[in-house]
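Participant: Can you read through this structure? Questions will come right after.
There are 2 protein chains.
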Amino acid sequence: MPELPPRNDAVAPTLDEVAAAAGVSRSTASRALNGGLRVSPAAQAAVDDAARLLGYVPNRAARSLVTRRTDSIALVVPEPDEHLLSDAFIGGTLRGVGDALARTDLQLVLLLARAGEPSDRIARYLRGGHVDGAVITSHHEGDDLERVVAASSIPAVFVGRPFAAPRELIYTDVDNVAGARLAVDHLVAGGRRRIAHIAGPQDMTAGVDRLAGWRGALADLGLPAGALVHAQFTAASGEEAATALLAAHPDVDAIVAASDTIAVGALRALARAGRAVPGDVAVVGYDDLGAAEASTPPLTTLRNPVVELASTAVAQLLRLVEAAPGDAPVTSVVFPPRLVVRGTT
Amino acid sequence: MPELPPRNDAVAPTLDEVAAAAGVSRSTASRALNGGLRVSPAAQAAVDDAARLLGYVPNRAARSLVTRRTDSIALVVPEPDEHLLSDAFIGGTLRGVGDALARTDLQLVLLLARAGEPSDRIARYLRGGHVDGAVITSHHEGDDLERVVAASSIPAVFVGRPFAAPRELIYTDVDNVAGARLAVDHLVAGGRRRIAHIAGPQDMTAGVDRLAGWRGALADLGLPAGALVHAQFTAASGEEAATALLAAHPDVDAIVAASDTIAVGALRALARAGRAVPGDVAVVGYDDLGAAEASTPPLTTLRNPVVELASTAVAQLLRLVEAAPGDAPVTSVVFPPRLVVRGTT
DNA sequence: CTGTTAGCGCTTTCAC
DNA sequence: GTGAAAGCGCTAACAG
Chain S
1039 MPELPPRNDA VAPTLDEVAA AAGVSRSTAS RALNGGLRVS PAAQAAVDDA
1089 ARLLGYVPNR AARSLVTRRT DSIALVVPEP DEHLLSDAFI GGTLRGVGDA
1139 LARTDLQLVL LLARAGEPSD RIARYLRGGH VDGAVITSHH EGDDLERVVA
1189 ASSIPAVFVG RPFAAPRELI YTDVDNVAGA RLAVDHLVAG GRRRIAHIAG
1239 PQDMTAGVDR LAGWRGALAD LGLPAGALVH AQFTAASGEE AATALLAAHP
1289 DVDAIVAASD TIAVGALRAL ARAGRAVPGD VAVVGYDDLG AAEASTPPLT
1339 TLRNPVVELA STAVAQLLRL VEAAPGDAPV TSVVFPPRLV VRGTT
Chain B
1039 MPELPPRNDA VAPTLDEVAA AAGVSRSTAS RALNGGLRVS PAAQAAVDDA
1089 ARLLGYVPNR AARSLVTRRT DSIALVVPEP DEHLLSDAFI GGTLRGVGDA
1139 LARTDLQLVL LLARAGEPSD RIARYLRGGH VDGAVITSHH EGDDLERVVA
1189 ASSIPAVFVG RPFAAPRELI YTDVDNVAGA RLAVDHLVAG GRRRIAHIAG
1239 PQDMTAGVDR LAGWRGALAD LGLPAGALVH AQFTAASGEE AATALLAAHP
1289 DVDAIVAASD TIAVGALRAL ARAGRAVPGD VAVVGYDDLG AAEASTPPLT
1339 TLRNPVVELA STAVAQLLRL VEAAPGDAPV TSVVFPPRLV VRGTT
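Taken in sequence, the protein lines are chains S and B.
Okay, so the first sequence: first residue is 1039 according to my numbering, each after it adds one.
Okay, so the second sequence: first residue is 1039 according to my numbering, each after it adds one.
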């Protein structure tokens, strides 16, 4: 039975103490603790016991100083606006990230941009080598994260297609173009012909792609270009946009909204205008993150698999981080859209 | 003009390189970079320039190895369940934390419990000294975080009153007891007398306190003990509970729900039962995190200031971390409740 | 005000 | 299989 050194409770035990307790050298203790390559069973057992007894937890700072790995990845949220934080987006994303990290012992560092602050701070952090990689979510055109990532050598995966250099930047996304087409097809199959779109912000590819899908579907079906208005991803903005839409185009019989929040606002505008849903006007939302199901009537919508998007992003990132020179290249992943039919169509 | 060493782009520049570029010793460079105490203006300028030119970013691992500070705090989410992640809770919490961290250069490490996993991993992490402090949110009775925190010396602040040792554990919370009383008072003022409660989970103090407030208010007002059912913090559970409630007590004229999600479910049950709201039955929710305003009709509710709760928790934590022996003790902070009257009362 | 000198705790050659 | 020694990048005495 090895002699145990006095336990200093205020300070975490060091590897030296574990080694001493186990009666081996620090090197052997280190090896034993890190997979046990070239360690005798006896030494291994002694070290394991000592570590457990002492409640040893390796000092990550010391380790990463020498390994040059931090065993942590960053989740970057460049614009924590109302939309992102109050919707279920961030929650779903966290769950996905958590799931993907579950089998690892990586830590998650959250990098939230601060209101009105250039992404400079985040860029410095990322290139400072403080994390092994980054998942970047809620990315807007104009914040220079794309450039930073492309320029630096930090492994990174975007959640949601970035604007530029799609060949070089890796991302996960749902096929927003196909999703919007699905919405139009569904509405047309339901007999609608005057299908309007309330587009989302065009500084996010989700907004751009959904608009493109709606437009493309109408064109492909030989339908006239529908009415188009723009909105932010909020109910208030959606309500306002829908009100304007109804005023300018009283004959619309369907609305494809760029998000469920927008659709909920549209529903309100329709109610105020005395239009029955789906009797007079059908509505399709986008995201299915809770608001769609909770709305009255429940929204027909397109599923945005944010949990899967996030967990896949982390999985790809880990591949990127671990990549050896000869490995198959890590690729972007695009999920197919799925229509969820409820009460508004 | 100091000679610049060749810039090695693959590796971040070290303090030595900055010092060499500035023509000073490493210590002087270090001092200059850390507030510039006892550094000549000339040296300071030279170091600043060199650091900027080289794009120097201090290595946190190396720094924290010697300072014994990590310059990061943890946000602990012991049970990232459906409720927490899909509601606006986590988003609001993140915003609050982000706000409070804005003036610091502390990093945020997110510790998410994994499904079915004992909080052991989190406990080890916290006592491993990997963070300077922790904010613990969504804490349930039974996860041993309280014990861990009380036993270890890690500075910690709970968001939401913990169960045990309230004297020793610091927290921020809204006064949930007073909030529920406010709800009852409001309903009574509106002429209601048969006021039921759909209680939340009793393994969270929010659920316990809201129940206590409802019960206490009825007693104080000399009203008979109202009908009581239990639910999880979800709409589906709330609907189920409300259905049972209406079956067992058809004469209720008001419901105090332990959360807005529960209230939304109750609204559905009432609609299905053909009871007009607020005509036949008034409903008060709790939280006002978006669901209340979005519901049809909009819910009267009690505001749960999650953003403030979180930012205050961080503020108190920073005080705790920085505390010098003689300082005034850091205390818990309890916010008064605020009733938001909308369409259901 | 400045430089020299020691480490912080850990992994990793490199001999044995 | 094991230990000795070196060093990751940084800060903090301590002399000067």
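Backbone N, C-alpha and C fix where the C-beta goes; we use that ideal spot for every residue, glycine too.
If you're wondering where the values come from, they're calculated on a predicted model, not measured in any experiment.
Drop a sphere of 10 angstroms on the beta-carbon of residue 1383/B, count the other beta-carbons inside from all chains shown, and report buried for 16 or more, exposed for fewer.
Facilitator: Buried, because 16 or more other Cβ atoms sit within 10 Å of the Cβ of residue 1383/B.
Participant: In whole angstroms, what separates the C-alpha of residue 1330/S from that of residue 1321/S?
Facilitator: The alpha-carbon atoms of residue 1330/S and residue 1321/S are separated by roughly 11 Å.
Participant: Buried or exposed: where does residue 1288/S fall if 16 or more other Cβ atoms within 10 Å of its Cβ makes it buried?
Facilitator: The residue in question, residue 1288/S, is exposed, as its Cβ has fewer than 16 Cβ neighbours within 10 Å.
Participant: What does residue 1162/S reach in chain B if we use C-beta pairs closer than 7 Å?
Facilitator: By Cβ distance, chain B contributes 1095.
Participant: Answer yes or no: does any C-beta atom of chain S fall closer than 8 Å to that of residue 1050/B?
Facilitator: Chain S, which has a Cβ nearer than 8 Å to the Cβ of residue 1050/B, makes this yes.
Participant: Using a Cβ-Cβ cutoff of less than 7 Å, which residues in the same chain neighbour residue 1371/S once the five nearest sequence positions on both sides are dropped?
Facilitator: Closer than 7 Å at Cβ, skipping near neighbours: 1210, 1350, 1354.
Participant: In the structure shown, what three-state DSSP assignment does residue 1264/S receive?
Facilitator: If DSSP states are grouped into helix, strand and coil, residue 1264/S belongs with coil.
Participant: Any C-beta of chain B within less than 8 Å: which residues of the region 1295 to 1329 of chain S qualify?
Facilitator: If the cut-off is 8 Å between Cβ atoms, the region 1295 to 1329 of chain S has 1302, 1327, 1328, 1329 near chain B.
Participant: Taking 8 Å as the threshold (beta carbon to beta carbon), is residue 1359/S in contact with chain B?
Facilitator: Cβ-Cβ to chain B under 8 Å: no for residue 1359/S.
Participant: I'd like to know if residue 1053/S contacts chain B, where contact means its C-beta is closer than 8 Å to some C-beta of that chain.
Facilitator: No - not a single Cβ of chain B is within 8 Å of the one on residue 1053/S.
Participant: Just to confirm, are residue 1308/S and residue 1323/S a CB contact at a threshold of 8 Å?
Facilitator: Contact flag unset, no.
Participant: Indicate the three-state DSSP secondary structure (helix, strand or coil) for residue 1289/S in the structure shown.
Facilitator: In this structure, residue 1289/S counts as coil in the three-state DSSP scheme.
Participant: Using the beta-carbon of each residue, which ones in chain S are nearer than 7 Å to residue 1168/B?
Facilitator: In chain order: 1098.
Participant: Under 8 Å between beta-carbons, which chain S residues line up against residue 1128/B? List them in chain order, please.
Facilitator: Those are 1128, 1129, 1132, listed as they occur along chain S.
Participant: Does the Cβ-Cβ distance between residue 1254/S and residue 1290/S come in under 8 Å?
Facilitator: Not a contact, by the Cβ cut-off of 8 Å.
Participant: If we define contact as Cβ-Cβ less than 8 Å, is residue 1136/S a contact residue for chain B?
Facilitator: It does: the Cβ of residue 1136/S has a partner Cβ on chain B nearer than 8 Å.
Participant: Around the C-beta of residue 1164/B, are 16 or more other C-beta atoms found within 10 angstroms, so that it is buried, or is it exposed?
Facilitator: Label assigned to residue 1164/B: buried.
Participant: Using the Cβ count rule (16 or more neighbours within 10 Å means buried), how would you classify residue 1045/B?
Facilitator: No answer about residue 1045/B holds up, because its pLDDT of 35 lies below 50 and its placement is not dependable.
Participant: Which chain B residues are close to residue 1388/S, counting only those with a beta carbon under 7 Å from its beta carbon?
Facilitator: This structure does not reach residue 1388/S, given that chain S is present from 1039 up to 1383, and the question cannot be answered.
Participant: Assuming residue 1245/S contacts residue 1218/S under a Cβ cut-off of 8 Å, what Cβ separation, rounded to an integer in Å, is found between them?
Facilitator: Not quite, the Cβ-Cβ distance comes to about 11 Å (not below 8 Å), so this is no contact.
Participant: Please check if any C-beta of chain B sits within less than 8 Å of the C-beta of residue 1334/S.
Facilitator: It does: the Cβ of residue 1334/S has a partner Cβ on chain B nearer than 8 Å.
Participant: Suppose contacts are defined by Cβ-Cβ distances below 8 Å. Is residue 1037/S in contact with residue 1264/S by that definition?
Facilitator: Residue 1037/S lies beyond the range of chain S shown here (1039 to 1383); nothing can be said about it.
Participant: Can you find a C-beta in chain B that's less than 8 Å from the C-beta of residue 1349/S?
Facilitator: False, the Cβ-Cβ gap to chain B never drops below 8 Å.
Participant: Nearest CA to the CA of residue 1344/S: which residue from 1080/S, 1188/S, 1116/S, 1176/S?
Facilitator: Residue 1344/S has its Cα closest to that of 1176/S, out of 1080/S, 1188/S, 1116/S, 1176/S.
Participant: Counting only C-beta atoms, is residue 1118/S closer than 8 Å to chain B at any point?
Facilitator: For residue 1118/S, the answer is yes, since a Cβ of chain B falls inside 8 Å of its Cβ.
Participant: Quick one: which chain B residues come within Cβ less than 8 Å of residue 1280/S?
Facilitator: Near residue 1280/S there are no residues of chain B at all, since even the closest Cβ is about 15 Å away, more than 8 Å.
Participant: Hey, out of 1260/B, 1236/B, 1256/B, 1257/B, whose CA is closest to residue 1276/B's CA?
Facilitator: When each option's Cα is compared against that of residue 1276/B, the closest is 1236/B.
Participant: So what does DSSP say about residue 1376/S, is it helix, strand or coil?
Facilitator: Residue 1376/S falls in the coil class under three-state DSSP.
Participant: What are the boundary residues of the beta strand (DSSP E) that residue 1271/B is part of?
Facilitator: From DSSP, residue 1271/B is part of no beta strand (DSSP E); its letter is neither H nor E.
Participant: Can you give me the Cβ contacts of residue 1082/B inside the same chain, cut-off strictly under 7 Å, excluding the 5 residues immediately before and after it?
Facilitator: Closer than 7 Å at Cβ, skipping near neighbours: 1070, 1074.
Participant: Counting only runs that start and end within the region 1130 to 1183 of chain B, where is the beta strand (DSSP E) found for 3 or more residues in a row?
Facilitator: Counting only runs of 3 or more, we get 1145 to 1150, 1171 to 1175.
Participant: Can you list the residues of chain B that residue 1103/S reaches, using a CB-CB cut of under 8 Å?
Facilitator: Ordered by position in chain B, the residues that pass the 8 Å Cβ test against residue 1103/S are 1097, 1099, 1100, 1103.
Participant: What residues in its chain sit with their C-beta under 7 Å from that of residue 1089/B, if we drop five residues either side in the sequence?
Facilitator: Closer than 7 Å at Cβ, skipping near neighbours: 1056, 1071.
Participant: Mapping DSSP to helix, strand and coil, what is residue 1086/B?
Facilitator: In this structure, residue 1086/B counts as helix in the three-state DSSP scheme.
Participant: Give the DSSP-derived three-state secondary structure of residue 1100/S in the structure shown.
Facilitator: Correct three-state label for residue 1100/S: helix.
Participant: Taking the alpha helix (DSSP H) that residue 1353/S belongs to, which residues open and close that run?
Facilitator: Taken as a continuous stretch (DSSP letters only), the alpha helix (DSSP H) holding residue 1353/S covers 1344 to 1360.
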